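> Residue 0 is where the sequence shown starts when you use numbering that gives the first Met the number 0, and the numbers rise one by one after that.
All C-beta atoms in this analysis are idealised placements derived from N, C-alpha and C, irrespective of residue type, glycine included.
Just so it is clear, the structure is predicted and the values come from calculations on it, not from any experiment.
Right, I'll just put the structure down here and ask away after.
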Amino acid sequence: MVQKEKSMHQVDDLISELFKTIAESIYDIDMQHGGGKDYWPFHPVFLNSLVGPILFREFFRIFRRLEENGYTLTDIGNIIKSPTKIANYLCSWSNKVLKPLSYEEKYELIKYFLKLLIILRNGEPFCERKRNLVWSRKELHQNLKEYEKYFISVKENPEMAQLLSKLEALLLLYVEALYYYLLDFSRMMHGPYLLENKSTIFVKEYFHLKAGEMWDIVSDFPFDHFKEIGIYNNISITVFFLGHVHSNPPFPQAIEKFVIVVDDKVIKDERELKDLYEKVKEVTERAVSTIEKKSNDESFLLKKGIDMFFFPLKPLYEEIGENWKDILPEVYKFASKVKDKVRIPRPWGNWSKEKAVRHLLKSIDFRREGK
Numbered sequence: 000m001v002q003k004e005k006s007m008h009q010v011d012d013l014i015s016e017l018f019k020t021i022a023e024s025i026y027d028i029d030m031q032h033g034g035g036k037d038y039w040p041f042h043p044v045f046l047n048s049l050v051g052p053i054l055f056r057e058f059f060r061i062f063r064r065l066e067e068n069g070y071t072l073t074d075i076g077n078i079i080k081s082p083t084k085i086a087n088y089l090c091s092w093s094n095k096v097l098k099p100l101s102y103e104e105k106y107e108l109i110k111y112f113l114k115l116l117i118i119l120r121n122g123e124p125f126c127e128r129k130r131n132l133v134w135s136r137k138e139l140h141q142n143l144k145e146y147e148k149y150f151i152s153v154k155e156n157p158e159m160a161q162l163l164s165k166l167e168a169l170l171l172l173y174v175e176a177l178y179y180y181l182l183d184f185s186r187m188m189h190g191p192y193l194l195e196n197k198s199t200i201f202v203k204e205y206f207h208l209k210a211g212e213m214w215d216i217v218s219d220f221p222f223d224h225f226k227e228i229g230i231y232n233n234i235s236i237t238v239f240f241l242g243h244v245h246s247n248p249p250f251p252q253a254i255e256k257f258v259i260v261v262d263d264k265v266i267k268d269e270r271e272l273k274d275l276y277e278k279v280k281e282v283t284e285r286a287v288s289t290i291e292k293k294s295n296d297e298s299f300l301l302k303k304g305i306d307m308f309f310f311p312l313k314p315l316y317e318e319i320g321e322n323w324k325d326i327l328p329e330v331y332k333f334a335s336k337v338k339d340k341v342r343i344p345r346p347w348g349n350w351s352k353e354k355a356v357r358h359l360l361k362s363i364d365f366r367r368e369g370k
């Protein structure tokens with residue numbers, strides 16, 4: 000019994016650390032958006048208020064159903080794949096949007112998320128050492144062995160390296176068109192992984208790119224999953240909880256070798272990469288142009304803003320034999336009912352980070368309200 004109580008205290012301490020990390024991350028992102036006033040097309044609090052109550056109810060329901068069907072948390076993590084995606088969903092977590100859940104259900108749900116982050120980040124759920132360890136050492140070496148003969152030297156193929164940089168810039172534009180400021184619903188940067196020879200491995204992945212079900216204008220995007228494994232020398236890389244990355248020097252200046260994999264197919268030469276680039280460019284330009292033309296069409300932007308929260312959950316819905324779209328009519332109806340009542344917080348102004356985090360924790364940590 001004493002051991003069980005100690006374990007519960009440890010879980011509560013980890014939950015407290017998770018909530019603190021979420022609060023700090025929200026503040027940091029707000030400060031990158033003019034203190035919280037420069038988000039486009041909607042403030043996160045607005046969209047969170049429209050989708051959150053149903054979103055987190057659905058997470059709880061799906062996790063429960065999967066467990067009842069015999070899935071372990073590791074199995075569920077393998078379906079989700081990206082801890083970065085989980086971290087970004089957790090930025091919608093607040094006492095207000097969690098009202099449909101009981102105290103016990105909230106506690107159970109946050110434990111699900113916490114354990115999934117621990118599993119998917121190999122014991123560093125908060126990127127506390129400024130790295131995102133999606134691969135274990137075993138998985139790292141397995142991937143290096145699998146793609147060993149396909150790595151391309153930057154020195155020998157500078158044109159291909161330049162084309163890769165251009166492709167990744169396009170992918171960034173594309174996922175911003177799909178997911179607005181929540182582009183890390185798709186993007187997962189992970190590492191750095193240090194090798195025995197002092198080289199650094201860093202991996203850039205994008206999921207949920209073939210998003211025609213969410214937005215028909217991008218239905219001809221050429222692939223769903225992109226992965227680039229890069230080998231670097233003399234680089235310092237910092238990864239944050241929400242997936243944002245700083246590197247010194249910039250990645251293109253330090254990369255020595257790379258391999259590109261799209262939908263499990265290795266891109267082996269410049270011609271293949273050029274063809275891929277042109278297809279991505281065509282769809283991306285069309286998507287960005289459409290967004291620009293509809294920049295004042297609130298109903299279009301809002302529907303897309305709602306859909307983008309649920310489309311990345313498609314693999315989870317499929318595991319329980321459901322279609323991710325089935326929940327949308329309920330969300331649209333709820334959003335229509337509450338959207339004119341949402342109050343957007345004022346920018347942080349001259350608040351210190353410590354004061355802002357304390358304020359945010361009051362709205363995030365449901366345990367403070369009691370049962």
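Pull up the distance between the alpha-carbon of Lys19 and that of Lys110, whole angstroms please.
For this step, residue 19 is matched to residue 20 along the sequence shown. For this step, residue 110 is matched to residue 111 along the sequence shown. Those two C-alpha atoms are separated by around 15 Å.
> Which parts of the stretch 212–299 are runs of the beta strand (DSSP E), unbroken and 3 residues or longer, counting only runs that do not cross its ends?
With a minimum length of 3 residues, the continuous beta strand (DSSP E) runs that stay inside the stretch 212–299 are 225–231, 235–238, 244–247, 254–261 and 264–266.
> Please state whether the Cβ-Cβ distance between Met30 and Leu181 is less than 8 Å.
For the purposes of this step, residue 30 is taken as the residue at position 31 of the sequence shown. For the purposes of this step, residue 181 is taken as the residue at position 182 of the sequence shown. Contact flag unset, no.
> Taking the straight line between their C-alpha atoms, what separation do you get for Tyr102 and His32?
Within the sequence shown, the letter at position 103 stands for residue 102. Within the sequence shown, the letter at position 33 stands for residue 32. Cα to Cα, Tyr102 sits roughly 33 Å from His32.
> For Asn131, which residues does DSSP report across the bridge?
For the purposes of this step, residue 131 is identified with residue 132 of the sequence shown, where counting begins at 1. Per DSSP, Gly190.
> Give the C-beta separation of Leu65 and Ile319 to the nearest angstrom, bearing in mind that I take them to be a contact with Cβ-Cβ under 8 Å.
Here the question's residue 65 lines up with position 66 in the sequence shown. Here the question's residue 319 lines up with position 320 in the sequence shown. About 7 Å separates the two Cβ atoms, so the contact holds.
> DSSP on Tyr372, reduced to helix/strand/coil?
No statement about residue 372 is possible, as the shown extent of the chain runs from 0 to 370 and does not include it.
> From the DSSP secondary-structure annotation, give me the bridge partner or partners of Thr199.
Stepping through the sequence shown from its first residue, residue 199 is reached at position 200. Beta-bridge pairing links Thr199 to Leu193 and Tyr231.
> Specify whether the stretch 90–100 and the stretch 41–48 touch according to this definition: at least 3 beta carbon pairs, one from each stretch, less than 8 Å apart.
A contact exists between the stretch 90–100 and the stretch 41–48.
> Note down, in chain order, each residue of its chain lying with its Cβ closer than 7 Å to the Cβ of Asn233, except the 5 sequence neighbours on either side.
Looking up residue 233 in the sequence shown gives position 234. Result list for Asn233: Ala253, in chain order.
> Just to confirm the assignment: which complete alpha helix (DSSP H) runs, minimum length 4, are found wholly within the stretch 128–188?
Correct list: 136–146 and 157–178.
> Comparing alpha-carbon positions, which option in Leu194, Tyr106 and His42 lies nearest Phe59?
As a first step, residue 59 must be located in the sequence shown, where it is residue number 60. Ranking the options by Cα distance to Phe59, first place goes to Tyr106.
> With a threshold of 16 other CB atoms inside 10 Å of the CB of Lys3, please say whether the residue is buried or exposed.
In the sequence shown, the residue the question calls residue 3 occupies position 4. Annotation note: pLDDT 40 at Lys3 (below 50); position unreliable, coordinate value reported separately. That one is exposed.
> Assign His358 to one of three DSSP states: helix, strand, or coil.
By one-based count along the sequence shown, residue 358 stands at place 359. Here His358 sits in helix by DSSP.
> From what residue to what residue does the alpha helix (DSSP H) around Ala210 run?
Here the question's residue 210 lines up with position 211 in the sequence shown. Premise fails: Ala210 is in no alpha helix (DSSP H) and is neither H nor E.
> Classify Gly190: buried if its beta carbon has 16 or more other beta carbons within 10 angstroms, exposed otherwise.
What you label residue 190 is simply residue 191 of the sequence shown in a count that begins at 1. Burial call: buried.
> If you reduce the DSSP assignment to three classes, tell me which class Glu321 lands in.
In the sequence shown, the residue the question calls residue 321 occupies position 322. Three-state DSSP puts Glu321 in coil, outside helix and strand.
> Looking only at its chain, what residues have a beta carbon closer than 7 Å to the beta carbon of Ile75, apart from the 5 residues adjacent to it on each side?
Along the sequence shown, one-based indexing puts residue 75 at 76. Taken in chain order, the residues that qualify are Phe62, Leu65 and Leu115.
> For Thr73, is the classification buried or exposed, using 16 other Cβ atoms within 10 angstroms of its Cβ as the cut-off for buried?
On the sequence shown, position 74 is the one that residue 73 refers to. Thr73 is exposed by the Cβ-count criterion.
> With distance defined between alpha-carbon atoms, name the residue in Lys303, Glu271 and Arg130 nearest to Met188.
Your numbering for residue 188 matches position 189 in the sequence shown. If we check each option's Cα against that of Met188, Arg130 comes out closest.
> How is the alpha helix (DSSP H) around Val44 delimited, first residue to last?
As a working mapping, residue 44 is identified with position 45 in the sequence shown. Run containing Val44: Pro43 to Glu67, per the alpha helix (DSSP H) assignment.
> Write down the C-beta distance between Ala286 and Tyr173 rounded to the nearest angstrom, noting that I regard them as a contact closer than 8 Å.
Position 287 of the sequence shown, counted from the start, is the residue given in the question as residue 286. Position 174 of the sequence shown, counted from the start, is the residue given in the question as residue 173. Going by Cβ atoms, the distance from Ala286 to Tyr173 rounds to 6 Å, so yes, they are a contact pair.
> Would you report the Cα separation of Lys415 and Lys338, rounded to the nearest angstrom?
This structure cannot settle anything about residue 415, because the visible part of the chain is limited to 0 through 370.
> Roughly how many whole angstroms lie between the Cα atoms of Pro82 and Ile118?
By one-based count along the sequence shown, residue 82 stands at place 83. By one-based count along the sequence shown, residue 118 stands at place 119. Cα-Cα distance, rounded: 9 Å.
> Which of helix, strand or coil does DSSP assign to Val341?
Within the sequence shown, the letter at position 342 stands for residue 341. The answer is coil: DSSP assigns Val341 none of H, G, I, E or B.
> Would you check if the distance between the CB atom of Tyr231 and the CB atom of Thr199 is smaller than 8 Å?
The residue labelled residue 231 in the question sits at position 232 within the sequence shown. The residue labelled residue 199 in the question sits at position 200 within the sequence shown. A contact, by the Cβ cut-off of 8 Å.
> Do the CB positions of Pro52 and Phe333 come within less than 8 Å of each other?
Translated into the one-based positions of the sequence shown, residue 52 becomes position 53. Translated into the one-based positions of the sequence shown, residue 333 becomes position 334. Taking 8 Å as the Cβ cut-off, Pro52 and Phe333 qualify as a contacting pair.
> So, with DSSP's three-state summary, where would you put Glu353?
On the sequence shown, position 354 is the one that residue 353 refers to. Residue state, collapsed to three classes: helix.
> What number of angstroms, rounded off, separates the C-alpha of Val202 from the C-alpha of Lys336?
Stepping through the sequence shown from its first residue, residue 202 is reached at position 203. Stepping through the sequence shown from its first residue, residue 336 is reached at position 337. Between Val202 and Lys336, the C-alpha separation is close to 42 Å.
> Going by beta-carbon coordinates alone, are Val258 and His224 separated by less than 8 Å?
Numbered from 1 along the sequence shown, position 259 holds the residue referred to as residue 258. Numbered from 1 along the sequence shown, position 225 holds the residue referred to as residue 224. Taking 8 Å as the Cβ cut-off, Val258 and His224 do not qualify as a contacting pair.
> According to the Cβ coordinates, are Phe112 and Leu97 closer than 8 Å?
The count along the sequence shown starts at 1 and reaches residue 112 at position 113. The count along the sequence shown starts at 1 and reaches residue 97 at position 98. Their beta carbons are not under 8 Å apart, which means Phe112 does not touch Leu97 by this criterion.
> Could you tell me the alpha carbon to alpha carbon distance between Ser298 and Arg136, rounded to whole angstroms?
Stepping through the sequence shown from its first residue, residue 298 is reached at position 299. Stepping through the sequence shown from its first residue, residue 136 is reached at position 137. For Ser298 and Arg136, the distance between alpha carbons rounds to 47 Å.
> Which class does Asp27 belong to by DSSP, given the choice of helix, strand or coil?
Mapped onto the sequence shown, residue 27 falls at position 28. It is helical.
> What is the DSSP secondary structure of Arg120, counted as helix, strand or coil?
Start at 1 with the first residue of the sequence shown, and residue 120 comes out as number 121. Here Arg120 sits in coil by DSSP.
> Give the single residue among Ser362, Leu193 and Leu208 whose Cα lies nearest to the Cα of Leu177.
Position 178 of the sequence shown, counted from the start, is the residue given in the question as residue 177. Nearest C-alpha to Leu177: Leu208.
> Pick helix, strand or coil for His32, following the three-state DSSP scheme.
Here residue 32 corresponds to residue number 33 of the sequence shown, with the count starting at 1. In this structure, His32 counts as coil in the three-state DSSP scheme.
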